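Working notes, structure below.
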Amino acid sequence: MINKPIAYLCSEYPAISHTFIYREIESLRKAGITVHTASIRKPSNLQFMTAAEQNEAVQTIMVLATPPPLMVKAHIHSLLKNPAGYLRMAVEASKLLFKGPKSPVKALAYFLEAGILLEWMHRLGITHIHEHFGNPTAIVAILMKTYGGMSYSTSIHGPDIFYAVDSALLAEKIQKASFVRCISHYCRSQIMRISDSESWNRQHIVRCGVDPDLYAVRPDPGNKVPSIICVGRLVPAKGQHILLESCLLLKNKGLQFHLTLIGEGPDRLSLENFVARNDLKEMVTFTGVLGQDKVRQHYDKADLFVLASFAEGVPVVLMEAMAKEIPVISTRITGIPELIEHGQDGLLATPGDAEELASQMQTLLNHPELRLQFGKAGRKKVKASYNQHDNNLKMVDLLNQASAQS
Numbered sequence: 005m006i007n008k009p010i011a012y013l014c015s016e017y018p019a020i021s022h023t024f025i026y027r028e029i030e031s032l033r034k035a036g037i038t039v040h041t042a043s044i045r046k047p048s049n050l051q052f053m054t055a056a057e058q059n060e061a062v063q064t065i066m067v068l069a070t071p072p073p074l075m076v077k078a079h080i081h082s083l084l085k086n087p088a089g090y091l092r093m094a095v096e097a098s099k100l101l102f103k104g105p106k107s108p109v110k111a112l113a114y115f116l117e118a119g120i121l122l123e124w125m126h127r128l129g130i131t132h133i134h135e136h137f138g139n140p141t142a143i144v145a146i147l148m149k150t151y152g153g154m155s156y157s158t159s160i161h162g163p164d165i166f167y168a169v170d171s172a173l174l175a176e177k178i179q180k181a182s183f184v185r186c187i188s189h190y191c192r193s194q195i196m197r198i199s200d201s202e203s204w205n206r207q208h209i210v211r212c213g214v215d216p217d218l219y220a221v222r223p224d225p226g227n228k229v230p231s232i233i234c235v236g237r238l239v240p241a242k243g244q245h246i247l248l249e250s251c252l253l254l255k256n257k258g259l260q261f262h263l264t265l266i267g268e269g270p271d272r273l274s275l276e277n278f279v280a281r282n283d284l285k286e287m288v289t290f291t292g293v294l295g296q297d298k299v300r301q302h303y304d305k306a307d308l309f310v311l312a313s314f315a316e317g318v319p320v321v322l323m324e325a326m327a328k329e330i331p332v333i334s335t336r337i338t339g340i341p342e343l344i345e346h347g348q349d350g351l352l353a354t355p356g357d358a359e360e361l362a363s364q365m366q367t368l369l370n371h372p373e374l375r376l377q378f379g380k381a382g383r384k385k386v387k388a389s390y391n392q393h394d395n396n397l398k399m400v401d402l403l404n405q406a407s408a409q410s
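Under the working numbering, read the sequence shown as residues 5 to 410, first letter to last.
What follows is the structure, given as structure tokens:
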């Protein structure tokens with residue numbers, strides 16, 4: 005194993021909605037890779053995270069929190085170390101006035117961020133950086149690659165970035181990366197769609213995953229009234245309004261259940277208004293933001309997990325629920341059917357169809373033996389294909405190869 009130090013770069017790290025990145029980095033460290041972490045902005049909701057995540061935040065460079073004198077010092081360092089590279093990076097940043105963001109403010113911001121990160125990487129002896137999501141942080145990585153002496157790779161999840169291929173400069177990010185990690189076949193197909201076939205061998209499917217030991221089989225919840233949970237930000241893409249419409253249909257049929265919505269977001273007020281208008285207050289609970297330790301406590305009490313999303317990558321919360329043998333229902337979109345095989349280890353509904361979703365929920369609410377069957381099959385699927393430690397062995401190989409070549 006080469007084991008040169010590498011960096012992980014995110015727009016926000018650690019993040020309450022992306023705990024899987026923290027767990028991925030921890031898994032890589034256990035496999036022997038030295039990983040340093042960088043975040044463009046300070047994390048929000050840090051107070052809800054575990055002590056380990058809070059400690060990780062302390063060890064992470066927060067780029068935009070760098071005091072102006074240190075920003076200047078970092079750029080002077082980068083200029084003196086490689087004047088030609090610094091000029092190339094400035095020229096590359098100036099191109100963002102005419103492509104991608106087409107914004108002088110953003111072009112300058114990305115240039116400043118790149119200079120700060122370069123000094124940090126030089127100090128730690130890092131020559132390869134891995135970026136998550138292919139968002140604007142990948143543009144910062146491109147600028148650093150242009151400077152010279154380093155390489156970068158990226159993890160693409162989708163689907164939002166696939167809706168803005170040109171403005172996000174996604175094709176360029178893919179073309180310049182040492183390798184692209186795709187979280188699903190669906191994701192890779194979208195990357196292949198906008199890239200030359202000669203580059204397809206650098207696009208690797210490395211699924212996200214969970215630790216089956218951390219997400220061990222829950223005890224029988226023993227609920228008199230079945231408990232349904234949904235974990236995710238309260239945003240339109242998660243489809244919680246459709247989930248509530250389905251719950252109203254089930255209530256009108258006389259079914260008993262209790263739904264817990266775990267998460268926070270701009271849709272909360274409209275969701276609460278729907279609950280109030282339709283007399284669902286006794287059947288629906290909003291928890292707000294919870295850390296991963298508190299979320300696991302809710303998993304242990306759940307009879308059913310439902311995610312009615314319109315747009316997703318492959319949700320890790322589904323893997324977490326399946327690992328704990330909670331039967332799951334979600335929608336036939338993007339990479340979700342790669343995780344859930346309808347009728348085998350869960351159920352799928354048409355996105356946006358409240359009646360079909362309600363029908364699938366009714367099936368599992370009325371048939372506890374089917375819930376048990378899907379729960380066992382779901383954990384088996386996760387252990388076979390979405391075990392975080394097994395999947396990260398591929399990342400270890402890819403990162404070592406990229407670091408050795410940088």
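Where a beta carbon is used, it is the ideal one built from N, C-alpha and C, also for glycine.
Just so we're clear, the structure is a prediction, and the values are computed from it rather than from any experiment.
For tyrosine 219, does the three-state DSSP call read helix, strand or coil?
On the sequence shown, position 215 is the one that residue 219 refers to. Three-state result, tyrosine 219: coil.
For arginine 45, write down the residues that DSSP places opposite it in a beta bridge.
Counted from its first residue, the sequence shown places residue 45 at position 41. According to DSSP, arginine 45 bridges with Glu16.
Whole-angstrom Cβ separation of glycine 138 and lysine 177, contact assumed at under 8 Å?
Taking the first residue of the sequence shown as position 1, residue 138 is located at position 134. Taking the first residue of the sequence shown as position 1, residue 177 is located at position 173. Going by Cβ atoms, the distance from glycine 138 to lysine 177 rounds to 5 Å, so yes, they are a contact pair.
For glutamine 58, which residues of its own chain have a beta-carbon under 7 Å away from its beta-carbon, when the five flanking residues on both sides are left out?
In the sequence shown, residue 58 corresponds to position 54, counting from 1. Counting only Cβ-Cβ distances below 7 Å, and skipping sequence neighbours, we find Leu50.
Range of the contiguous alpha helix (DSSP H) that encloses tyrosine 303
If you number the sequence shown from 1, residue 303 lands on position 299. 296-303 is the extent of the alpha helix (DSSP H) around tyrosine 303.
Among the residues of its own chain, which have a CB less than 7 Å from the CB of isoleucine 29, if the five just before and after it don't count?
Here residue 29 corresponds to residue number 25 of the sequence shown, with the count starting at 1. Around isoleucine 29: Tyr12, Val39 and Thr41.
Among Ser199, Ala381 and Phe24, which residue has its Cα nearest to the Cα of valine 320?
Residue mapping note: residue 320 aligns to position 316 of the sequence shown, counting from 1. Closest option to valine 320, Cα to Cα, is Phe24.
Do alanine 97 and alanine 78 count as a contact pair if the criterion is CB distance below 8 Å?
Position 74 of the sequence shown, counted from the start, is the residue given in the question as residue 78. Position 93 of the sequence shown, counted from the start, is the residue given in the question as residue 97. For alanine 78 and alanine 97, no; Cβs fall outside 8 Å.
Taking the alpha-carbon of alanine 113 as reference, which of His134, Tyr90, His132 and Ile143 has the nearest alpha-carbon?
What you label residue 113 is simply residue 109 of the sequence shown in a count that begins at 1. The candidate whose alpha carbon is nearest that of alanine 113 is Ile143.
For glycine 303, is the classification buried or exposed, using 16 other Cβ atoms within 10 angstroms of its Cβ as the cut-off for buried?
Within the sequence shown, residue 303 is the residue found at index 299, counting from 1. The amino acid at residue 303 is misidentified as glycine; the sequence shows tyrosine. Its Cβ being crowded by 16 or more others within 10 Å, tyrosine 303 is buried.
What does a CB cutoff of less than 6 Å around phenylalanine 115 pick up in its chain, not counting 5 residues either side in sequence?
Numbered from 1 along the sequence shown, position 111 holds the residue referred to as residue 115. If we look at phenylalanine 115 and ignore the five residues flanking it on each side, its Cβ neighbours are Ala97.
For the structure I just gave you, are there three or more beta carbon pairs, one from the stretch 216-227 and one from the stretch 289-307, closer than 8 Å?
yes
Return the CA-CA distance between lysine 242 and glutamate 268, expressed in angstroms with no decimal places.
Counted from its first residue, the sequence shown places residue 242 at position 238. Counted from its first residue, the sequence shown places residue 268 at position 264. Near 12 Å, if we compare the C-alpha coordinates of glutamate 268 and lysine 242.
Rounding to the nearest angstrom, what Cα-Cα distance links leucine 253 and histidine 262 in this structure?
Locating residue 253 in the sequence shown gives position 249, where the first residue counts as 1. Locating residue 262 in the sequence shown gives position 258, where the first residue counts as 1. Approximately 14 Å between the Cα atoms of the pair.
Looking only at DSSP bridge pairs, what is serine 159 linked to?
The residue you call residue 159 lines up with position 155 of the sequence shown. Its beta-bridge partners are His136 and Arg185.
Buried versus exposed, by CB contacts within 10 Å (16 or more), glutamine 364
Position 360 of the sequence shown, counted from the first residue, corresponds to residue 364. Answer is buried; the Cβ neighbour count reaches 16.
Can you tell me whether arginine 192 is buried or exposed, with buried defined as 16 or more other CB within 10 angstroms of its CB?
The residue you call residue 192 lines up with position 188 of the sequence shown. Label assigned to arginine 192: buried.
At 4 residues or longer, and completely inside the stretch 43-101: list those alpha helix (DSSP H) runs for me, N to C.
55-63, 72-85 and 87-98
Relative to the C-alpha of serine 159, which candidate in His208, Thr150, Glu123 and His126 has its C-alpha closest?
The count along the sequence shown starts at 1 and reaches residue 159 at position 155. Ranking His208, Thr150, Glu123 and His126 by Cα distance to serine 159 puts His208 first.
Since I believe phenylalanine 309 is in contact with isoleucine 233 (beta carbons under 8 Å), could you give me their beta-carbon distance rounded to a whole number of angstroms?
Here the question's residue 233 lines up with position 229 in the sequence shown. Here the question's residue 309 lines up with position 305 in the sequence shown. Contact holds; Cβ gap of about 6 Å.
Valine 235 in three-state terms, based on DSSP:
Translated into the one-based positions of the sequence shown, residue 235 becomes position 231. If DSSP states are grouped into helix, strand and coil, valine 235 belongs with the strands.
From what residue to what residue does the alpha helix (DSSP H) around isoleucine 29 run?
In the sequence shown, residue 29 corresponds to position 25, counting from 1. Per DSSP, isoleucine 29 belongs to the alpha helix (DSSP H) from 23-34.
Can you grab the Cα-Cα spacing for the pair glutamate 117 / valine 67, in whole Å?
Numbered from 1 along the sequence shown, position 113 holds the residue referred to as residue 117. Numbered from 1 along the sequence shown, position 63 holds the residue referred to as residue 67. Computed Cα separation, rounded: 6 Å.
Alpha carbon to alpha carbon, what distance is there between lysine 149 and tryptophan 204?
For the purposes of this step, residue 204 is identified with residue 200 of the sequence shown, where counting begins at 1. For the purposes of this step, residue 149 is identified with residue 145 of the sequence shown, where counting begins at 1. About 21 Å.
Can you give, in chain order, each stretch of the beta strand (DSSP E) that sits fully within the stretch 267-355 and has at least 3 residues?
288-292, 308-310, 332-335 and 351-353
Using the beta-carbon count (16 or more within 10 Å), is lysine 385 buried or exposed?
Numbered from 1 along the sequence shown, position 381 holds the residue referred to as residue 385. With 16 or more other Cβ atoms within 10 Å, it is buried.
Specify whether the stretch 380-400 and the stretch 323-332 touch according to this definition: at least 3 beta carbon pairs, one from each stretch, less than 8 Å apart.
yes
Quick one: what's valine 2 bridged to in DSSP?
The structure shown does not extend to residue 2, since the chain is modelled only from 5 to 410, so the question has no answer here.
Checking 8 Å against the spacing of the C-beta atoms, do isoleucine 10 and leucine 351 come in under that value?
The count along the sequence shown starts at 1 and reaches residue 10 at position 6. The count along the sequence shown starts at 1 and reaches residue 351 at position 347. Not closer than 8 Å, so no.
Pick helix, strand or coil for histidine 371, following the three-state DSSP scheme.
In the sequence shown, the residue the question calls residue 371 occupies position 367. The answer is coil: DSSP assigns histidine 371 none of H, G, I, E or B.
Leaving out five residues before and five after aspartate 357 in sequence, what residues of the same chain have Cβ atoms less than 8 Å from its Cβ?
To locate residue 357, count along the sequence shown from 1; it is residue 353. Contacts found: Ile246.
Buried versus exposed call for histidine 371 [16 or more other C-beta atoms within 10 Å across all chains shown]:
Along the sequence shown, one-based indexing puts residue 371 at 367. Counting Cβ neighbours within 10 Å, histidine 371 comes out exposed, since fewer than 16 surround it.
Using the Cβ count rule (16 or more neighbours within 10 Å means buried), how would you classify arginine 185?
Mapped onto the sequence shown, residue 185 falls at position 181. So arginine 185 ends up on the buried side.
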